[in-house]
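Heads up, the sequence shown is in the working numbering, so the first residue is 63 and it goes up one at a time.
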Amino acid sequence: MEAEGPRRDAPEKEEEDSEESRQQDLEDGEKSDISKDPETEKPNEFSTEGKEESEKESTEGTILGDNLSQPGLADGEKFDISKDPETELDTEKPNVSTTEGEMEVPENESSDENKPKKGSNQEDQADVEKFDSSKDYAGEQDAEKILEPSGEEEVKSSAHKEPPGELVSPTPEEGVEKAVESAEPDTSSVQESKSSPSKKPSGEGEVPPIPEGQTERVEKPVEGAESDISSDEENEEEEEEDTEKSPEPEKKPEKLERKISETFFYNYEDLCSQPFVTSDSGIPINLLTLIHSFGYDCTKSANLQLLDNQTLLYVAGNQLVLLDLKTKYQTYLRSSSGGGIGVITVHPSKQYFAVGEKGWKPNIIIYEYPSLKPYRILRGGTEEAYAFADFNHYGTLLASVGSSPDYMLTIWDWKQEKIVLRSKAFSQDVYKVTFSPENEEQLTTSGAGHIKFWKMAHTFTGLKLQGALGRFGKTAVTDIVGYVELPDGKVISGSEWGNLLLWEGGLIKVELCQTGHKPCHNGPVNQLILDEGELVTVGGDGYIRVWDFETIDAADSVDDTGLLEMEHMNELLVGKNVNLSSIMKIHDLGQPIWYAQDSNGAIWKLDLSFSNVTHDPECLFTFHSGKIEAMGVSPVTYLMATTALDHSVRIYDFIGNCQLTEIKFKQGGTALTWAPRVVNPKGGLVAIGFEDGVVRIIEVYDPRGLAVVAGRTNVGNAEMRLKQAFKPHTAAVTALAYERNGEVLATGSKDKTVFFFAVEDKYEPIGYICVPGPVQALQWSPPSHAESMLLVLCENGFALQVPAPILGEQDTVSTYEIHDLPTQYFHFCSIKSRIKREEEIERREKKKQEEEKARLEWIKKQQDMGLEIEEEPEAEPKKEEPLPPIYVPQEPSPIVCGFYSAPGKFWVSLSGYDSGYLYHCAFSPIQHQISPESRQDEPFEVIPMENTDDNPIQRISFCTSKLLMFCGMKDGAVRVYPLQDKDLSADMMNGYWSFNMHDNDYGQIQAIYSSYDDRFLVTCGADSNIFTFNILSPEDIQRELKAKVPSPRRDLEKEKTAEDIEDPSAYSIENAKQKKEYDQIMKEAEDKKNKKRQELIILRHEFHHLLQRNMELPKHMQLHREEFEMDHRIREEMDRQTAQRIQLVQKELAWDQEKHRIGLQKLQSRFRDTLEFDTVVVHAIGSNHQISTYRLLAISEKYYKARKLSQTGKRRTSKLGKEAEQRRESQKETSQAARVSEEEMEVDKLKKRPQLQGAIGRFGGNRLEQIRKIMEKADRAKAKIMQRRKEWDELYKSKPSDNYENPKDVQDIKEAQENMGDFKLKTATNYKIPEHMRMNAEKKKVQLRSLEVAVHEKKLTMNKWIISLRDLKVAIIEEIVCLVQELKSIQSALDASEQLPIPSIPQLHPEETPEKKFQYDNNILLKFKQEQENKQRLSEQVEDNASFAVFGGKFLHAPSLKEIDTTSRASSVRSMRMVSSVTPVQPKVFEIEKAEPTEMELEILKREKIRNIYLQETLIKRINELVVTFDAELHLLRHQKLKLDTQMKCADLRHITWFEELLLLKHFEKHEDTLQERVNNLSNEVEEMQWKLDNYLSQMEDKKYEIAKLQEREKALYATFQASLGENNKFASFLTKVLKKKIKRVKKKDVEGDRDEEEDSDEESDEESSLESDEEDSGSDDEVFDDSVCPKNCDEALFENTLQLREKRLDIEEALVEEKKVIDNLKKEYDALAKKVKVVEASLDTAEGELEAFQREKQQRLNELHVVVPLKLHQVEYVVNGELPADLSQTLVFTNQSLEYLQQRIMVLQHEKVDQRELYKQARQQHKQLIRDRREIEIRIERLEENCNQLMLMKFGRVVDLEALQTLSVNTNLEELKMKMMEKEHIQAQELKKWEEKIFELRQRLMMLMKENTSKLQQLNSFCIEKQGLEMKLDALQNNLGAEFQGPRKAEIQERERLITLVQLQAQEAEVLKEEITLLSRKDGRIFPPPQPPPDTKILN
């Protein structure tokens, strides 16, 4: 322990660090793959990442090396390992403790969310939660590995307790290793039970150690090792102290990894669960021993596996059953946990099978077969139960998926008991998981509303499990039960509606169905199997179908529906009412045999070879399907009877372990009881209640005791026979009970009634009582009670006690309900909360007493030690928690079962809130004061039952001696309580024996009974299982024990079988009684009504007699009709009441009237409105011949519209072929128009230029006008020449080549060669169907419609003729009637001897006027009503189940008196009218004496007689003529109709043939449409490409034309340049070099947008103003010249013109380069497109070939259809030896028209041959003539050319080009330069004029200045002279005075000099002006600025 001290801190710190890092990672949302331990600097093994599972993200699992558990992970969190634990150093596992000799084993998972198993007490739960939250057990940080100590170390372990049914599961360790709990998390070996207390069955101990050599050692060096971690708190404190004392750490030993040996096995006895027995109870562990399992859970998924060809494996509750098919012997394996078995699966080698269990932390146990030894145990795969498991193809891995709540998908290395990967599969139920057979790294899971595809992906953090959820898209979401992986990775699954879904890439590629969109199965597809290249589907409809795998694999959707129709290859119907869940395959003697699981309760053996010797399906075993409702045990032998909702009743021999017989009914059974001995001493009667309320008494007998009857075979050991059937209830029968004396049978039902029957040879009803709720159970008081009482337990908490009624004492005349039967009620009131409250109070008091006792003991101990005890101040009382509240559920808890304890007292067990106790109740003596619903009764005694709060007791029974009480629990467990006394007590119920047998989740026990001799116990559950047990030791079973079937009664075979009640709506006994009473009352009422009616009829006859006598009286003595009324007010009142009644009846019948009116309207619209002509049969008058119309339905307008559309469609198709040509022609026209437009634009430019120039200059107008005329003339000539060239081009293009042949002639020749001398038959193999004769479904529909329309029109015409004939007959009859009346009047004047027989008046037959059937009046309606009433009465008398509802509802309604009065009055009125009309009026007779006639009178009479005789003969003849004429018309029309009938029959035959063709064409339509669409697409693509090629050609032609134009412009430019040079220009060479100099120019950049204008202004100005040029040598390399400076003495204008021409040349060259580039690109595109066109044309040819082959195949299929052709003998010309051959198969049916056409064609071809020869002769002569004409024309052309050349020589001196001469005009460039020069001269002249005017002005100004200066000089001169004179005078006056003033002054001298200089300057300026004038006059001078005066000089103004 000291050595463990220093190693203690590391795990704690590592745990804290790992927790902090994990939380940090989760908070940051980042994924850390490797984290390091802070102390050891070793990389941490795991990293987590919070991640939610969704449909858009894949779910990842993690490889965990040796173990896979990671506690506390949320759904979708990932944990991974970076290294392989077996190949890398184990430095990544700091928390794994290993020592030498240890072996690693996987550890079960645990987390904070885990809960302990149900049934554990609260303290256990608290301890487990504390243990989970402590996080101090190994494996919490990383891999959760637990390593056991070696055999050298001592291991401390305390006994662990487990809940009932849980056992210790040992782990494979060496040495003396201990067992590890399978249901609790694995901890270190030094961990004590205090951390997880649980119960453990007695007798459980340590698991034996593994022998030497059972493990393999793998050494792995590690840097350090940590010790195991103990979960004991005291050990932790000790280890912390040791850690402080020992600072030096231990040396880190090498880690050893152990592998489980291949030969290691567990001990089954240590694994299997054992019964739970209360300690110290003395109950033997083998109280019950399982004998046999009769049931089979057929509804459980995959509950049928095969171990070999004679061993079946299936689950039965907590047992695993191995059934030998030959011996029928069963072998059982118990579940280890006692929680049930979830799933089973078999290894591919059949050597192992896996059992996935249920419970808390269940295990998967691998068993070896056939030894049945536990081989491996897989722990920690799920929380509560396994749903499915599957081995991979090689059996190395196992995949399992859990059920709710975790749905964990786990991949196991099962041989090493390691988890490889794990992940949450889904958030809903997962039904299945499988490996892909081709790729073991792929898995598939499916379940409720989903399918998921998984991959084991290698990532940088290790191996991951990634899942992709399948998306249904447009398909409805469905639960997927069956699927199969295909070899190419696709998955095909079933659906709920029966179709197959093909999945690819997580999406539904296509949905497969049968033809006509029928589903593949009529129900869900439960399983799919890929077997020998075929897909086998198993459906819930009982069918197994085989499909073509290749067709399915290549299937794809063809339309928007996503459906693809296909047909199955083979199918097998296993049987009716079969619901196949799964099938399994095994080989027996090399032949494949299949075994099928039927969810309706059977196991089948199938042969799916589908050959001639295929065996029929064989039903091996049958079982109950679903929940077994009831069971009963025979009171005299070892037989039991069961029934269920599967409509069957079965008899079992539970000592012989076999089913004896079975009988089925229309409804399912719900209750059963075996008649006691007092009823039938032989024990051969069984009473069974059914869900429709019927009770059947069935007799069980041994048929071998009957007399031998001839022909009777297959006599079994037992048979059942229906003895009696009666229906006492209207709902399901829930309970049956025989009275203790066997005199009364009580039946209870959900209809809240209890019915009593007197038990006799035939059960007679006594009566029934109503109870407050649905009946749950019935029990009669035992014989120990004085009175025979019936205890009735209801579901809603009521209990009743009633005595047995006696037959005959009840009044059952009108009803069977018993009202005066004494009844005691008990309404249960919940007291559970009060009990819990009292227990809590008691617990608190006990705790206080214990605390006080402990304090007193401590005080006493301190006093004994002599220590003084200080008085402590009284502590404040602790605040106690509030007591549990009193709670009473609103809805009472349902009573489950109960039994009598004493008279008036009974025990009950309840479910729901009040479960957990047995309640002892008593009926209160005060009953009538309180209503049953308002009662609140409480039990007077309560016994708590252990672990039944959530697991109530469902059924209770006792053995015969009452010493054992058997309890059936809700979780399927069987409990046995030994009773020392017949009275129950709490002490007696402390000890019990319990064992889980049925399924823990849904296997609640429905019945539990002991055999008549208490040797055996039988149970049945809701999981379809039936178990039999031996009570006490199995040695008590003697071999001589045998079930004895009761012998049959005497003369049983002579008795008639009892009549069964099969109709579920049949009357119950009470309803039948009520119906009988009602019928009796109605019969008496009807008799009374009939008597009154007879009296009324007698009075009516007397009244009619009085009326007749009144009419016989004289007129004046007759009474008026009103006088017969005694009081008119009576009549008025009667009329008013009648009107009111009529109005009331109309209101009552308004809804019915409207309903029948609408119904009649619908019938008319459905059957009459669509009928255009009904069958009208017109009979001949004088013969038996007749003719009938065609019954013709009105044809729809769409047929006529379809005909119109088809006709217009033909017109449209003729236009489609012209579209391509029109498009090409339009392209050509547009290109030509473009060329013409460009030429016109050039001409317009040339026209506009002189106009513009003429507008600029005013001078030279005549010259411009001359130039314009010359250019117009040249343009006209040029246009004329172009037009002539165009005509010549078109002419040459239209010229055919020498090898040209007319396409029409070629086609005709080809057709003639192919068809010459041959008539192509459609049956020929080389028959090619013409395009116009190709037929498809749409055309065939049009044909059918046109045929129907034609037939309809012909029939319509014939019907109109027949109707007109009928109208003629009507007219003839009317005329005959008139003639007969006239004939009668004539014959009245003739003697009888002279009277001829009057012809009979023909009558119209009803068939001739069928429309009168729909004409009715009141009489017809009343007659029809009477007929319907008579029919209804007859049906009621025959069948006694008319429309009588449940008793208590409305009964049959008899006609009221007012209805009878109304009908009688109406009949009386009609009879009165009849009498009044029939009564003859007696004319008055006047007796006149007759006189003899005179001769005149005699003559007149004679003439009248002759006349009358003639008229008589004439009229009779007329009548006969009418009849004969009509008959003749009818005969003629009948003959025509017979012909038409033959035609219609032929049309019908043709219609049938065409319809068959239509069906065939529809079958071919999809493929044909696909091929036709491909051909159309390719042809359209070819046309489009051809159009593009033509477009490219036209573009290239345009570009070539543009290049030619540019070249012409270049030539014109050089010509202009040469013209501008003139002759003998010395600068011609220089200017030519300047013109031809190559310059690289920078293209100008366009400036877009104003926003960049400011930024790029500098760049733009530079680019726009500069033309960078690189000088290149145009001439010699040595010569370098500067083209930017005009040479000296060179004309500057010419130099500038040369520069401009160079710029134009450069523009032209750039344009040429661009055009050539465009042409090159177009040519490349053209070539590429041409290649593509060839490829597409080849594809088109292939597609057309495929289409043609398909058309040929379709035609062959059409030829296979039989066509009926009626022929006459003269039409048969195929005669052999002068007789018709017997075999006409080699004949050819050919139309006469075609034969005549062929015969005529011979003559036509001969005439055509002669005509063609004559035509050829004429063409040859014409050809020769044309050759001669051509030679003559060529000679004439040569002569004309010679004459033309001579004339040109004479005129021009040389041969010139006339076209160039005609188009010769002025040089436009030269003229432009001249115009520019003239413009500049004009401008300069104007400028010179301005300067001259300015000079003139300056000269005038200078002249004025000179004049002014001259005047000033003159004035100065005058002043000087005057001065001189004055000076002289002064001198004269003053001689010699002022000598200083005698010389000239200085200022004067300076002024004089200035003036002189000014004059000189002016003279110079004048000279300069003269020179400028001279220069300007010569046009080549330059203007210099005038000289400036010196700066110091000033001009005087």
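For each residue, glycine too, the CB sits at the ideal point set by N, CA and C.
The C-alpha of Arg2016 is placed about 17 Å away from the C-alpha of Cys1982.
Sorting Glu907, Leu1169 and Arg917 by C-alpha distance to the C-alpha of Glu942 places Glu907 at the top.
By the beta-carbon neighbour count (other beta carbons within 10 angstroms, threshold 16), His512 is buried.
Nearest neighbour of Gly767 by Cα position, chosen from Pro1110, Gly1807 and Gln863, turns out to be Pro1110. Two segments are said to touch when three or more pairs of C-beta atoms, one from each, lie closer than 8 Å; by this definition the region 1138-1149 does not touch the region 731-743.
With a cut-off of 8 Å on Cβ pairs, the region 1424-1437 is in contact with the region 1586-1593, counting three or more such pairs. In the DSSP assignment, Met1173 falls outside any beta strand (DSSP E) and within the unbroken alpha helix (DSSP H) covering Ile1131 to Glu1174. Close CB contacts of Leu634 within its chain, under the 6 Å cut and outside five residues either way in sequence, are with Ile606 (chain order).
The continuous alpha helix (DSSP H) containing Ser1856 extends over residues Asn1854 to Phe1914.
In terms of Cβ geometry, Asn641 and Asp593 do not form a close pair [threshold 9 Å]. Counting only runs of 3 or more residues that sit fully inside the region 421-503, the beta strand (DSSP E) segments are 426-430, 435-440, 448-453, 460-464, 470-475, 480-486 and 492-497, in chain order.
Here the C-alpha atom of Ala487 lies approximately 37 Å from the C-alpha atom of Leu387. The Cβ atoms of Asn1087 and Leu1079 do not sit closer than 9 Å to each other. Per DSSP, the continuous beta strand (DSSP E) segment holding His520 begins and ends at His512 to Thr521. Each residue's CA atom was taken as its position, placing Met1968 and Glu1989 some 30 Å apart.
Counted as a single uninterrupted DSSP element, the beta strand (DSSP E) harbouring Glu566 occupies residues Leu562 to Glu566. For the 9 Å CB-CB criterion, Ile828 and Val806 form a contact. In this model, Leu1621 and Leu569 are separated by some 34 Å (Cα to Cα).
Under the rule that a run must span 3 or more residues, the beta strand (DSSP E) segments found entirely inside the region 746-796 read 747-752, 757-763 and 781-788. Here Val620 is near Lys1628, since their CB atoms are less than 9 Å apart.
DSSP places His354 inside the beta strand (DSSP E), whose first and last residues are Leu350 to Ser355. At a Cβ-Cβ threshold of 9 Å, Thr1678 and Leu1923 do not count as neighbours. Cβ-Cβ separation between Tyr328 and Pro436: approximately 4 Å, consistent with a contact (criterion under 8 Å).
If you look at Lys647, you'll find it in the beta strand (DSSP E) that goes Leu642 to Asp650. By the 16-neighbour rule on beta-carbons within 10 angstroms, Trp476 is buried. Residue pairing from DSSP places Gly960 in a beta bridge opposite Val970. Residue environment for Cys1608: exposed (fewer than 16 other C-beta atoms within 10 angstroms of its C-beta). Assignment of Pro944 by DSSP, reduced to helix, strand and coil, places it in the coil class.
Under DSSP, Phe817 forms a beta bridge with Thr809 and Tyr830. Following the DSSP letters along the chain, one finds Ser1072 inside the beta strand (DSSP E) bounded by residues Ile1067 to Ser1072. For Met1031, there is no enclosing alpha helix (DSSP H); the enclosing beta strand (DSSP E) covers residues Leu1026 to Met1031.
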